[in-house]
Amino acid sequence: MKSCFFGVILVLISMSVGATTLESRKTVNVGAYGFAPYYDLEKGRGIINDVLKQLNEMQNDFTFQVVETPSRRRYQSFTERKVDMYFFEDPKWSWKGIEHYSLPLKVDDAEVYIAHRKKAKDQNYFQSLNGKSIAGIVGYHYKFANFNPDEASLRAKFNIILVTHNQATVRMVLNNRVDIGVVPRSYIRQYLRDNPDRYDEVLISDKVDHNYDLRLIANPKAVITKERLSKLVESLVKKASYKDLF
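Just so you know, we're using the numbering used here here: the sequence shown kicks off at 116 and counts up by one.
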């Protein structure tokens, strides 16, 4: 009887310690917008979720959690301290003039063009965008537009339709609503793996719009210090489980 009693006490103590540990963790808000496969708004998850899970398992002081934000408002959310950081963000995407620091994430990716094979017979189709309709994402930065995400400017200079996620871009190309779509190379490869029946319909450009320099962009005033975050990320990118995500 005594052993049973002490067993119950130990379980209760263990549960109490576990709850205390969770409660004592400080919350770090990680912004996520439609940038599949890093974050897919339609699915409500992406590679970011797996990365944060690994970070949470690596330490007991902080809880990294996803906070969704529209792509066009991500800078405002950052400066207003609604989010503390963004994973898989390129410093050349309108971060100039915003107080931040960045950490490398060891990711190789790029923005590429896609077209329906009924229109695009070979790679020559992508040599010029002149006279072609384009599908892109609201709030995104494209080299062909000098990285200017302003919607009015984009519509004035290009025959462009702006949508909210990459799947919509691919659908517009496949449904012949536009001539060219601009998507992350990682996304279109994943899409064609998941939809092998569409493989023969899509031509992917060898030409890239721009190569990403994807990093972690963080606020120096976040609850986690730069030194601590740097060490965590440095350890993270060396893990086989992290590399497997890509």
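Glycine is no exception: its CB is placed at the ideal position from the N, C-alpha and C atoms. Note that the structure is a prediction, hence the values are computed from the model and not measured.
Of the residues the options, which one's Cα is nearest the Cα of residue i?
i    : options                   : result
Q242 : V323, V253 and E204       : V323
N175 : R140, Y357 and Y153       : R140
D294 : N144, K158, K236 and H325 : K236
K358 : L307, K221 and N290       : K221
N245 : K272, V143 and D312       : K272
L329 : K346, S217, R270 and R286 : S217
N334 : A225, V285, R189 and Y240 : R189
N144 : T194, M173 and V198       : V198
F259 : N310, R343, H325 and N171 : H325
Y163 : E204, Q191, T194 and S192 : The sequence as given places Ile at residue 163; Tyr does not occur at that position. That would be E204, whose Cα lies nearest to the Cα of I163.
D155 : S345, Y306, Q191 and I275 : Y306
A337 : R160, F193, L167 and R300 : F193
S248 : L170, R308, T284 and N261 : T284
S350 : T142, K158 and M173       : M173
Determine which residues share a DSSP beta bridge with residue i and list them.
i    : result
R330 : E204 and P219
P299 : E226
V323 : V227
K141 : F177
G251 : L277
V352 : Beta-bridge pairing links V352 to no other residue.
L318 : A230
G146 : V182 and Y201
Under the assumption that residue i contacts residue j (Cβ atoms under 8 angstroms), give the Cβ distance between them as a whole number of angstroms.
i    : j    : result
Y257 : V297 : 6 angstroms
Y201 : I332 : 5 angstroms
P152 : Y314 : The pair is not a contact, with the Cβ atoms about 17 angstroms apart (cut-off 8 angstroms).
L360 : D165 : 5 angstroms
G289 : L170 : Strictly speaking, residue 289 in this sequence is Leu, with Gly absent from that position. So it is not a contact: roughly 36 angstroms between Cβ atoms.
### Message
For the structure I just gave you, are there three or more beta carbon pairs, one from the segment 231–241 and one from the segment 198–210, closer than 8 angstroms?
### Response
no
- Message: Would you call the segment 146–160 in contact with the segment 184–191, where contact means no fewer than 3 C-beta pairs closer than 8 angstroms?
- Response: yes
| message | Does the structure place the segment 305–319 close enough to the segment 214–229 that three or more beta carbon pairs sit under 8 angstroms? | response | yes
Runs of alpha helix (DSSP H) wholly within the segment 149–209 (minimum 4 residues, chain order): 162–173 and 189–194
Touching by the beta-carbon criterion (3+ pairs, under 8 angstroms), the segment 238–255 and the segment 277–295
yes
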